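Structure first, commentary second.
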Amino acid sequence: MSQELAPRFDPRAVEPELYRRWLEGGRFHVPASAVLEEGRDPYVIVIPPPNVTAVLHMGHGLNNTIQDVLIRFRRMQGRAAEWLPGTDHAGIATQNVVERLIAREGLTRDDLGREAFVKRVWAFVEETGGTILDQLKAIGCSCDWERTAFTLDPHLSRAVREVFVRLYEQDLVYRGEYIINWCPRCLTALSNEEAEGEEGEGRLWHLRYPLVESAWPAAEAARAAGAEAVGRFGEEPDDQGRAGWYLTVSTTRPETMLGDTAVAVNPDDARYAPLVGADVHLPLTGRTIPVVADAYVDPEFGTGMVKVTPAHDPNDFEIAQRTGAAVLNVMTDAAAMNENVPGPFRGLDRFEARRAVLAALAAEGLGAGDDPHVHTVPRCYRCDTVVEPRLSLQWFVRMKPLAGPALEASRNGSLRFTPERHRKVYEHWLENIRDWCISRQLWWGHRIPVWYCDTCDGVHVLRSDPEVCPACGSAELRQDPDVLDTWFSSQLWPLSPFGWPDETDDLKAFYPGHTMCTAPEILFFWVARMVMMGLELRGELPFTEVYLHGTVRDAQGRKMSKSLGNGIDPLAVVGRYGADAMRFTLMNACAIGTDILLDHEDTESAFAVGRNFANKVWNAGRFTLMSLGEGPVRGVDAVADDLRVEDRWILSRLASATDAVTDGMERFRLHEVAERTYHFFWGELADWYLELVKPRLAGESGEASREAARSTLVTVLDGVLRLLHPLMPFVTTALWDRLPWPEGAGSRPGELMVAPWPRASAEWRNPEAERMLAGFQALVTAVRSLRKEYGVGEGQSVTVHVEAADPALRGVVEGLAGPLGRLARVETLLWSGPEAGAVGAADVLHDGTRVFLPLAGLVDLEKERARLDREIERLVGVLRGTEAKLANRNFTARAPAEVVAREREKAESQRAQLRGLEEKRARFPGGG
RNA sequence: GGUCGCUUAGCUCAGCUGGUAGAGCGCUACGUUCACAUCGUAGAUGUCGCAGGUUCGAGUCCUGCAGCGACCACCA
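First residue of the first sequence? That's 1 in the numbering used here, and the numbers climb one at a time after it.
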C-alpha cells in the first residue's frame, strides 16, 4: 500500500480527484429532510455572494476558506451543515463592465436600447458568470452546489418584489424628492454608503455678493455690530471702483453659486440681525436673493454666513424647506451646467464651470481670495467619480422603524460580533441611520414594481404586472424605469434562496442560520440590512454570530488591487503549492481582527508554512503507512495493557490538542487552531513519537509492543487527521483513506469529511506520562546540546552519566534506551555520577536531574572554564532575584499559594542548577 | 470633529480571565543513515512605543503623551 505514495506531497495529483469524488458522492448537499425528518441540528452559513462577474482573488480565498473550515468542522460534529453558495447580480458593477465591453464596439447602452442592453448583459453573465464558483471548488469549498442561487433568479426576484410591495404597504417604502448622491458618470443615484468619502486637500474660496442699495444702512449697522462677512467696496486695494456694501460667503464648490437662492445667518446672531430680510445681488446671474435666518448656521464657523444652494446640498435643501427659499437645479445628469445658468456657463462641465465662475467673479472684483482647505469629497464606490449631491425624485426605505429591532438584538447580546469591537460600529450606524435611497437609474437589476397611470395619475405598487390601470382601467400605464439597489436583493440572501416568501421545507430547515462571515467593509451595506430584514420579515435573526475577518494585503500593507498589480492569484497558489498549503497559510495568519500580509513578489516564502506543513503531514502519514506493515490493527483499548509510556503520552497530548482545537473552532480563533495542530503534529507526533516508536514498529521489542505502537499510531493519526481536516481537507483525506481501521472500533465512516469530530477522551489524559516524557525529552535535548556545545561529532557515540531526580524517570529512559541512542547518539547510559576528577560536560535539568558527559580529551579546558564562570555569575544573579521575592512577606502572604509554591520550586531548581554548575566548575581546575 | 484600534525578536504577528515573553519566516553553525533538505539538530537577537499610576507582582489593568491606522460625520 505504501509504494504509491510519493516522497513529496503532490497536490495536483490528489486535490482535483478528491474534489470530484466528494462532489459525485453528494457530500456537500443537505436536504431539508435531514433537519425536518431526521431531526439533525442545522448549521447554516450563506456565502457572501461574489459579484457574478468577479474573478477569485485572495480576499475571496480568505473569506471562503474560513467558511469552509467552519462548515467542515460543524459537519464533522454531526450538524446538518448547509453552506449556501451563489452570486450577486451587482447592479452598477456589472452594468459598468458590460458598458465598457460594448464601448469597444463603439456603442453605448442608449445605442442598444434597454431591452437589447439587458439581453446583452444576460448573455455576458451566462457566458462568464459563475466562474468564481468553479474557482471556489479549486480551493476545496464544500458548498451545497445544488442550491446555488443568483440574486436575479426568478424566485429570488419574486422575494424582492414581495418585500418592496410589503414595505410600501406598511409605509416603509416611499417616493420623494430629496438631495441624493448622484454619480454623474454612472448616471444614477447612490445610497449614502455608496458614496465614499475621500479626504483631500482642497480650497475654500471666498466670494462677494453685493447688497442691494436699500440694504446699505443695514449693512453698516451690521458691520458696527461686528459682522465679519460684511464689507464695503473700495476698502481693499484690488477693488475696481465699485461702491456700496457686500457680503462675503465661502464655498468649496464655487460653481454652485449659480444655483444659490439665499444667504443664511443664524437667527440668534445679533451681528447679522439688521440684514435678515435684505436682498443681495447674486453675481453673474442678474438674480437677487434674500438673506434668511436659519438655526442650521453656526455663528462660530467662518464668518457665520452661508450661501444656500438648495438643489445641490442636503443642508441647504433643508434650509430652503424651512425658510421658503427657492430651489434651483443648475446641473444636468452628467453634472454639466444646465439652462438655468447664464449663457456663458451653459454646457460647461462642473469643474470647467468652477474655473469659469472664479474667473468671471475675479473680473468683476467679487473674488475675495481662497484658502487651502482639507475636506472630504464623496466619490462613487464603483467608478471613483466625484459624487454630486443633487435634488432628485427617488424611492426610499424608511429605516428608523427597521433599525430598532436590529439595534435591540445587538444590545441584548443575541447577535454576537467577532471581534467584539464591531458591535459599537454597528450600533452607532443604526442609531444614526438615515433613510435608504434604493432606486437606481440603471437597467441591470430588479425593476421597481411601480406603475404610473397617465390617465388618472395613480401610482400602483403591485405584486404582479398589470395589463391596465387597476384604478381607472386605462392602458396608459408606465412602469417605473428604475431598478433597485443591488443590496436591496442581497439583504434577503438568508431568506430568498431558501424559498421565502413561501413557507418551504428549505426555509423551515435552514432559517434562521448561524454564522455570517465577511469583511467589515460591508457591515452596513449588507450585514445590518440582513439583520433588519430577517427580523422584519421573519421575526428572527438571520444569524447569531457575525465574524468579521481582516483584509489581505501585500508586504507593504497595501490592499491588494488590480490597479496596483500587487494581487496574488489564489489559483496560481493552488497550482504551485496546493489548496491545503494556501488554506493553512491563511488560517495560520488569521488572528482575530488582524489583516493578513502576503508578499506578492515572493509567494514561495509567503506560503512556505502551509506548503511545508502539508508536506510534513504527507510524509508522516507516508511513514506511518509504510511502517505499519500488513495485518489488522487493534483499537487502543484492546492493547491497553501493552501501551507504553510514550503511547500514553501521545494519546494524552492528542486529548489536549483536541480540546484546544475544538475551543478554537467554536470561538473563531482559527490561527490558534492552525498553530495548535501544527505544533502537535510536527513538534510532538513527528519529532518525538514517530522517532520513539520506530524500533518498536520494526519489531525490535517484541510483538506485543509492536501491536501497541501500531494501534496507538493509527489512533493518533486518525485523530489528528480529523482535527486537521477542516484546514487541509485534501492531504488529510488522501492519507485517511489509506489508514487501516482498527478492529472493534465500530464501522468505518465513509469519508473523513463526515467522520465524527474527535471528542477529547478524558481517560487518555495522563499527566504522569506527560511528566515522564517531558523528562525524557529534556534529557535528550540536554545531551544533544552538550554534544554540540563541545563539538562532539555526529558520528561519535558517547557515554552519559545520569542521576535522575525522579526515580521513575530511570525506568522510562531505560525503556527508551533505543531511541535515546539514536536521538542523542548515546552508546552507554550509566545511572551514577561521574567519578571524582572526571572531566566532562555537565548539565542539571529543570527537574534536578543531572547529566554528565565524559569528554576525555575532547574539550578545550580553558574555554569551558571561562564559560562556566560566566554561567555561574548569571545564575547567581537570577537566584538572588528569586530569593528576594520569596523573602518578601507581602509576596508570600498575599500571592496565591500555588504561585508561591511555584516560585519555591523555581528557586529550588535554580539552586540545583547552580550546584550543578559549581560542581562542574570544580572539574576544571585553575582560573580562580 | 467624533469613535475605535494598533505600537512585543531583522520581518509578519500570537500572547484570551495580571505571575518577568512565544510562533512562522529570515539568520548562524553542523548534518543527507533507513518518512520528509518543502528535512534534522543546536544556536543568536527583545529596557514588550514613552511617562506616570494601581498591585506583593503589569506586555497583560488605569491615566497622560507620541507615532500609525480604520471607521463615522452636513460644518459652508
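For each residue, glycine too, the CB sits at the ideal point set by N, CA and C.
Since the model is a prediction, treat every value here as computed from it, not as a measurement.
Check: Does the distance from the CB of residue 211 to the CB of residue 402 come in under 9 Å?; Outcome: no
Check: Does the Cβ of residue 767 have 16 or more other Cβ atoms within 10 Å, making it buried, or fewer, making it exposed?; Outcome: exposed
Check: Go through its chain and collect everything with a Cβ distance to residue 400's Cβ below 7 Å, but skip five positions before and after it.; Outcome: 433
Check: Report the residue from 452, 484 and 654 whose alpha carbon sits nearest the alpha carbon of residue 474.; Outcome: 452
Check: If residue 42 sits next to residue 88, beta carbons under 8 Å apart, how far is it from one beta carbon to the other, in whole angstroms?; Outcome: Not really, about 24 Å apart at Cβ, beyond 8 Å.
Check: Could you have a look at residue 227 and say whether DSSP puts it in helix, strand or coil?; Outcome: coil
Check: Buried or exposed, going by whether 16 or more other CB atoms sit within 10 Å of the CB of residue 412?; Outcome: exposed
Check: Which residues does DSSP pair with residue 452 in a beta bridge?; Outcome: 459 and 478
Check: Leaving out the 5 sequence neighbours to the left and right, which residues in its chain are closer than 8 Å to residue 832 when beta-carbon positions are compared?; Outcome: 801 and 803
Check: When DSSP labels each residue in this structure, what does residue 96 get in the three-state scheme?; Outcome: helix
Check: Using the DSSP secondary-structure output, state which residues sit across from residue 596 in a beta bridge.; Outcome: 552
Check: Would you give the residue range spanned by the alpha helix (DSSP H) that residue 60 belongs to?; Outcome: 58-76
Check: Grab me the residues of residue 773's own chain with a C-beta within less than 8 Å of its C-beta, minus the 5 sequence neighbours each way, in chain order.; Outcome: 645, 646, 649, 688 and 812
Check: Do you know whose CA, among 36, 205 and 482, lies nearest residue 511's CA?; Outcome: 36
Check: Per DSSP, what kind of secondary structure is residue 395 in: helix, strand or coil?; Outcome: strand
Check: Taking the straight line between their C-alpha atoms, what separation do you get for residue 531 and residue 537?; Outcome: 10 Å
Check: Count the other C-beta atoms from every protein chain shown that fall within 10 angstroms of the C-beta of residue 174, then say buried if there are 16 or more, exposed otherwise.; Outcome: exposed
Check: Using the Cβ count rule (16 or more neighbours within 10 Å means buried), how would you classify residue 472?; Outcome: exposed
Check: Return helix, strand or coil for residue 504, following the three-state DSSP convention.; Outcome: coil
Check: Mapping DSSP to helix, strand and coil, what is residue 285?; Outcome: coil
Check: Counting Cβ pairs, one atom from each stretch, are 3 or more of them under 8 Å apart for the region 412-430 and the region 441-458?; Outcome: no
Check: So, using beta-carbon positions, are residue 714 and residue 624 closer together than 9 Å?; Outcome: yes
Check: Can the beta-carbon of residue 840 be found closer than 9 Å to that of residue 853?; Outcome: yes
Check: Indicate the three-state DSSP secondary structure (helix, strand or coil) for residue 247 in the structure shown.; Outcome: strand
Check: Suppose you measure from the CA of residue 547 to the CA of residue 487; what does that come to, to the nearest Å?; Outcome: 20 Å
Check: Around the C-beta of residue 9, are 16 or more other C-beta atoms found within 10 angstroms, so that it is buried, or is it exposed?; Outcome: buried
Check: Suppose the cutoff is 8 Å on Cβ atoms and the five residues either side in sequence are ignored; what does the same chain contact list for residue 618 look like?; Outcome: 5, 8, 9, 731, 734 and 735
Check: With distances taken from CA atoms, which of 517, 522 and 525 is nearest residue 544?; Outcome: 517
Check: Assuming residue 654 and residue 716 are in contact, meaning their beta carbons sit under 8 Å apart, how far apart are those beta carbons, in whole angstroms?; Outcome: 5 Å
Check: If you follow the beta strand (DSSP E) that residue 801 is part of, which residue opens it and which one closes it?; Outcome: 798-803
Check: Quick one: using the 10 Å Cβ neighbour count with 16 as the cut-off for buried, is residue 824 buried or exposed?; Outcome: buried
Check: Please state the DSSP three-state secondary structure of residue 845.; Outcome: coil
Check: How many angstroms separate the CA atom of residue 242 from the CA atom of residue 275?; Outcome: 20 Å
Check: Can you name, in chain order, every residue of its own chain whose Cβ lies under 8 Å from the Cβ of residue 99, other than the five neighbours on each side?; Outcome: 108 and 109
Check: Beta-carbon separation of residue 353 and residue 258 under 9 Å?; Outcome: yes
Check: Count Cβ pairs between the region 588-598 and the region 656-671 that sit closer than 8 Å; are there 3 or more?; Outcome: yes
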